[in-house]
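Take our numbering: the final residue in the sequence shown is number 108, and no numbers are missing along the way. Have a look at the structure below, then the notes.
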Amino acid sequence: MTARYNGGIMRNEPQKTICLDHQCEEDQATPFGMVCPVCKRRLYTSPPRGNLMSFWESQPVAFSLDREPCFAYSLMWENYRIRSIHLPEQNVSAHESSSVESHS
Numbered sequence: 005m006t007a008r009y010n011g012g013i014m015r016n017e018p019q020k021t022i023c024l025d026h027q028c029e030e031d032q033a034t035p036f037g038m039v040c041p042v043c044k045r046r047l048y049t050s051p052p053r054g055n056l057m058s059f060w061e062s063q064p065v066a067f068s069l070d071r072e073p074c075f076a077y078s079l080m081w082e083n084y085r086i087r088s089i090h091l092p093e094q095n096v097s098a099h100e101s102s103s104v105e106s107h108s
């Protein structure tokens, strides 16, 4: 979760991540962090062997439409690897108005 400033309000919003192997959103909680539903099923039905290593890839794996870099994060065991792409944070601000608008 990241704290994000949005129009005077601090919000804790999860940063969107996508599993690079299964091309779906990582929205399933595990002891290793958020993963996609397919990876979660694999982790619980056939647990990986060996020590866990985690690392960021040093080069962007993609770019957003705004040309912001998207980096990949890996969880790697002896016999299994989960790679996810972390999308850049979006600067979305809600429309604020202190006056009442009439539509008549």
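Backbone N, C-alpha and C fix where the C-beta goes; we use that ideal spot for every residue, glycine too.
inquiry  = So for Y84, helix, strand or coil by DSSP?
reply    = Reduced to three states, the DSSP call for Y84 is coil.
request  = Can you say whether S58 is buried or exposed, counting buried as having 16 or more other CB atoms within 10 angstroms of its CB?
outcome  = Burial call: exposed.
query = Out of curiosity, what's the CA-to-CA distance linking V65 and G37?
reply = Using only the alpha carbons, I get a separation of about 21 Å.
ask   = Taking Cβ to Cβ, would you say I89 is nearer than 9 Å to C43?
value = The beta carbons of I89 and C43 sit no closer together than 9 Å.
ask   = Any idea what DSSP makes of V42, helix, strand or coil?
value = Three-state result, V42: helix.
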